[in-house]
Amino acid sequence: MTELPRKTNLLQGQESRLPGTAMTTDKYDHQVIEAKWSRLWEQNKTYATDLAGAKRPYYNLMMFPYPSAEGLHVGNVFAFVGSDIHGRFMRAQGYDVFEPMGFDAFGIHSENYAITVRSHPVKLVPSNIENFRENQLKRIGAMFDWSHQVDTTNPDYYRWTQWIFVQLYKAGLAYQKDAPVNWCPSCKTVLSNEQAEGGLCERCGSMVEQRKMHQWFFRTTAYAQKLLENLDWIDWSNATKTAQRRWIGRSEGAEVEFKLVNPVGGEPQSLRVFTTRPDTLFGATYMVLAPEHPLVEIICTDEQRQTVKDYCREAAQKAELIRTDLAKEKTGVFTGAYAVNPVNGEQIPIWVADYVLISYGSGAIMAVPAHDSRDFEFAKQFDLPIRAVVMPPTAWLHEQIVRGLLDEDYAKKHGQSDLLENLLRSAGLAAGIVAGITFQNPHAVLDGDASWIQQVAIPLYKNDPGLFADAYTEDGTAINSGEFDGQETAEFKKNITAWLNGQNLGQATVNYRLRDWCISRQRYWGPPIPIVHCDNCGVVPVPEEELPVLLPFIEDFVPDGSGKSPLARDETFVNTTCPKCKGPAKRETDVNDNFLDSAWYFFRYPSSDRADVPFDAALTRKWLPVDMYIGGQEHAVLHLMYTRFLTMALKDIGLIDFEEPFKCFRAHGLIVKDGAKMSKSKGNVVNPDEYIKRYGADTFRTYLMFLGPYQEGGDFRDTDIIGIRRFLERLWRYATQTQFLDEEMADRPLLQLVHSKVKKVTKDVKSLRYNTAIAASMELLNGLQAQKKHYCQAIKILLQLICPFAPFIAHQLWERLGGKGLVNDAPWPEFDENLSRASQMELAVQVNGKLIDRLTVEADADDSTISEAAKALPKVAQRIGGKQIAKLIIARPRVVNIVMKK
RNA sequence: GCGAGAGUGGCGGAACGGCAGACGCGCUGGAUUUAGGAUCCAGUCCCGAAAGGGGUGGGGGUUCGAAUCCCCCCUCUCGCACCA
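For the first sequence, the working numbering begins at 1 and goes up steadily by one.
Structure below.
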């Protein structure tokens, strides 16, 4: 006989309904219930918010999805359900909750997918949206207000995306400049950053190059300071705020001017650099320009010209990723030119190296190898002088030497092996160890007499910090810095900046890492940038009344080798008349970045039915800023930064009166499967549809929220979902097969149970700790079932508590039990703090902090009663014996600790 | 390298500085059942027959008392990454 597997996959075959018996009608049949309530909610417009009439508006936003062909991902469901629970909770608190949903359907994902399946986004996107909405989103039990949905590819929407572009253009916040794009020489196409990961083309694997193109930018940097400052007061997840702060990357320093030794006739006479360490100016022994720096070509000497040219060409061909990622070894070449160090008149060489980025600061640096690890590495590689100008604390020197972080190769090369050996010997001798040290037990060494540091290590460092393996980059005391010697870093910075200012050689400056937002995309599937280029009038925005500039249907939308958007191939699109002079003109053919579509969608939701304005002023005042935004931490910087920028810009333009779009933002966690990230290649992708069909949306929702703390994510496990299903079935049986009493609950233990659980669930749901809220609901059900008397009042409260998680079953049972109206509209149960506490408390009794016994006393027992009772416990008394008690601590309602005298 | 977060039973995970392991999965035993992948009851951190002892990645510290706070180290996850 063949052995049958003990268990089969829970998802295989098998209808969830059991063969018909007399009981069937009363079984928990999720399919019937969920279909019924979906229908009722839709018919009665239960979740269509009266936007104009709402008394207590609450805007509950979640990040709208990109409607992929694969369908809704379980990660989306996790995100939406968590947000919906918050929305349902707020509704039960009496708010008019607006919970809209939409589709972020433009962009490279849709376009690429269409290319791979040889279809067209114009065909694919609508059917994907249809599938998302009708087959998936409508089944997860969320309170979506479908009367206000948004589809970014709809001309009624992107008309306003273009309109916003025009407003920004008029406000001087949109401009054009040359910027590099990722270019695949083999596919002859522009690539997005994610398509060029690792510096290789995603499709053909060839090395991605950087190509310069004239592109559109938004001036996000104009708001760098405000974007940073507001983080201090907005109520957002801390991790998100930290990520934004780092992304903005404010750093204070000074701009310093270095004059060229041999200025080329008529050309600029100096180089400006940004440094956060003006106090290290005396240690600047060379300078570096980024390969793209315009002065490179001008200043390099004829001798070096070819070398420099070759180097720059090579650097240009490396994608930024390769340049940064794989360049473990630094590269660079000498230009032949020199500059003058303004503080000491020294002539220092100017190099070109790709470790300096054109996009930050001025694209040029002064190199202080002794106190910057990158310069240090570069100087060692190319044998440039390293001069100490900051004296590290002796502890640092000690640490370096003790750990053996010294550079023997460097010492040898510079004929300083003797010095190094001397250092080691004296260090060893100081600790009573003979020379020829191997640092086997470094921390045991050197702790006694430290005079060797004063006598040997410090002079050695002062003379040549290159002997050490690392640069000292922290603050310290100035050395080798002329009149500034002895100053601490902070005061030195202040003084030297003032001095530079006086000499007209520099001033204090703030720099940001944040860059302007490049919104040009040389692709097809996006809203055309509403600009016309006219030979006479130059750049002219399309007049607002002519918007939208419709995206033309182009059968073959695949990028060609031109590097231009496919729109450039459509003559009837490109050729137009200038809105100003009516002469012939050409349209801009780039489309805008997908992130612009999603940067303002929440403005549109309340006004989605308005054809005349992007967003109605009164509705916007009433509903925005968004009360709660829940979404993925992966959007911590880009999406959330862009929406903040845009909101600030719209405020300054005068269209709104607030500058932060989201009062509260919470990032949810990531959901993994069996401990690993879900991916198609691993074959561990969870398809939500199957689970919803088999277990029901209620079970699926509740399970997703139960598998871990919402803000941390969790591990999805097939085997665990059954626990939730059993819980809901138990709830069903209890609610349908119990004789309930109609009178009010009266006995204290039951009241205590109910009130304590209401308290717990309320607190947890409020703070998004859904997993423990569910656990508390389970405890409540367990507790109710164990009672002798069963009250309708109690089960109804449980239904209210569970409703945000499992709305279908809660509505059904509420109705069955004769509840008034909808369970979700019943006011959230209040709890009584006094009733939530037990009438008796069980205290742990410790002796010297060790648990010995337990003691049950009345909740209001006084200290002496408790301590006498505790001491009287046999196990405790035995330990006390005749000895004296030093201290007796009562920490109610948990512990009594009896501390004995020693 | 930098930043953020996390290391707790066989597993997912609970624990205002106060009884470690709530809740659930799994497992063990029992009841019921034609059947069980249903339901109900009991049990389930480790060592020990018990009394008792040990236990929250490792090592120190603060405290009457530490999974929780502080310092050092290790590991994992996620971001960022030559930003001068």
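Every residue, glycine too, gets a C-beta built ideally from N, C-alpha and C.
With fewer than 16 other Cβ atoms from the protein chains shown falling within 10 Å of its own Cβ, phenylalanine 553 counts as exposed. With respect to the C-alpha of threonine 473, the residue from Ile519, Ser417, Val389, Leu289 having the closest C-alpha is Val389. With a cut-off of 8 Å on Cβ pairs, the segment 740-756 is not in contact with the segment 698-710, counting fewer than three such pairs.
Looking at Asn60, His73, Ser839, the one whose alpha-carbon comes closest to that of methionine 143 is Asn60. Collapsing the DSSP output to three states places phenylalanine 89 in a helix.
Taking each of Ala877, Tyr691, Val672 in turn and checking the Cα distance to lysine 682, the smallest one comes out for Val672. Remark: C-beta atoms of alanine 254 and threonine 497 approach each other more closely than 9 Å. Contact between threonine 285 and glycine 336 fails: their C-beta atoms lie close to 17 Å from each other, not under 8 Å. Taking glutamate 34 as the centre and dropping the five residues before and after it, the same chain places the C-beta of Arg139, Gly141, Gly696, Ala697, Asp698, Phe808 closer than 8 Å to its C-beta, in chain order. If you draw a straight line from the Cα of proline 688 to the Cα of aspartate 720, it is about 15 Å long. Annotated as proximal: alanine 353 and lysine 330, with beta-carbon spacing under 9 Å. Our two residues, serine 451 and threonine 394, have alpha carbons roughly 11 Å apart in a direct line. Membership of serine 270 in any alpha helix (DSSP H) is not indicated; the residue belongs instead to the beta strand (DSSP E) covering 270-275. As the crow flies, the alpha-carbon of leucine 655 is around 9 Å from that of alanine 649.
Per DSSP, reduced to three states, the secondary structure at phenylalanine 64 is coil, with no helix or strand assignment. With respect to the 9 Å criterion, valine 333 and leucine 281 are not classified as neighbours on the basis of their beta carbons. The residues Ala667, in chain order, have a CB closer than 6 Å to that of glutamine 633 in the same chain once the five nearest residues on each side in sequence are set aside.
Under the criterion of beta carbons closer than 8 Å, leucine 271 and alanine 379 do not qualify as touching, at roughly 18 Å. By the Cβ-count criterion, aspartate 556 is exposed, with fewer than 16 other Cβ atoms from all chains shown falling within 10 Å of its own Cβ. Boundaries of the alpha helix (DSSP H) harbouring threonine 772: 770-785, taken from the DSSP string. By the Cβ-count criterion, serine 127 is exposed, with fewer than 16 other Cβ atoms from all chains shown falling within 10 Å of its own Cβ. Residue pairing by DSSP places tyrosine 338 opposite Pro349 in a beta bridge. By the Cβ rule, the segment 479-494 does not count as touching the segment 63-75, because fewer than three pairs are nearer than 8 Å. With a cutoff of 9 Å on beta-carbon distance, methionine 391 and glycine 476 are scored as near each other.
Residues Gln400, Leu405, Leu406, Asp407, Tyr461 of the same chain have their beta carbon placed closer than 8 Å to that of phenylalanine 468, with the five preceding and five following residues left out of the count.
Taking the Cα of serine 68 as reference, the smallest distance to any Cα among Ile108, Asp156, His30 is reached at Ile108.
Considering only Gly506, Arg515, Ser83, the residue with the shortest C-alpha distance to glutamine 225 is Arg515. Measuring C-alpha to C-alpha distances from leucine 817 to each of Leu855, His120, Gln846, Gln739 identifies Gln739 as the nearest. Taking 3 residues as the shortest admissible run, the segment 645-722 contains the following complete beta strand (DSSP E) segments, listed from N- to C-terminal end: 664-668, 670-673, 713-716. Here the C-alpha atom of glutamine 503 lies approximately 20 Å from the C-alpha atom of isoleucine 348. Per the Cβ contact rule, the segment 36-44 is not in contact with the segment 585-604 (fewer than 3 Cβ pairs under 8 Å).
Isoleucine 885 is bridged by DSSP to Met900. For threonine 276, the closest alpha carbon among the candidates Gly506, Leu640, Leu420, Asp464 is that of Gly506.
For the pair proline 185 and glutamine 210, the CB atoms are not nearer than the 9 Å cut-off.
The segment 110-143 contains, as complete alpha helix (DSSP H) runs of 4+ residues, the segments 121-130 (chain order). Around the CB of aspartate 375, 16 or more other CB atoms lie within 10 Å, so the residue is classed as buried.
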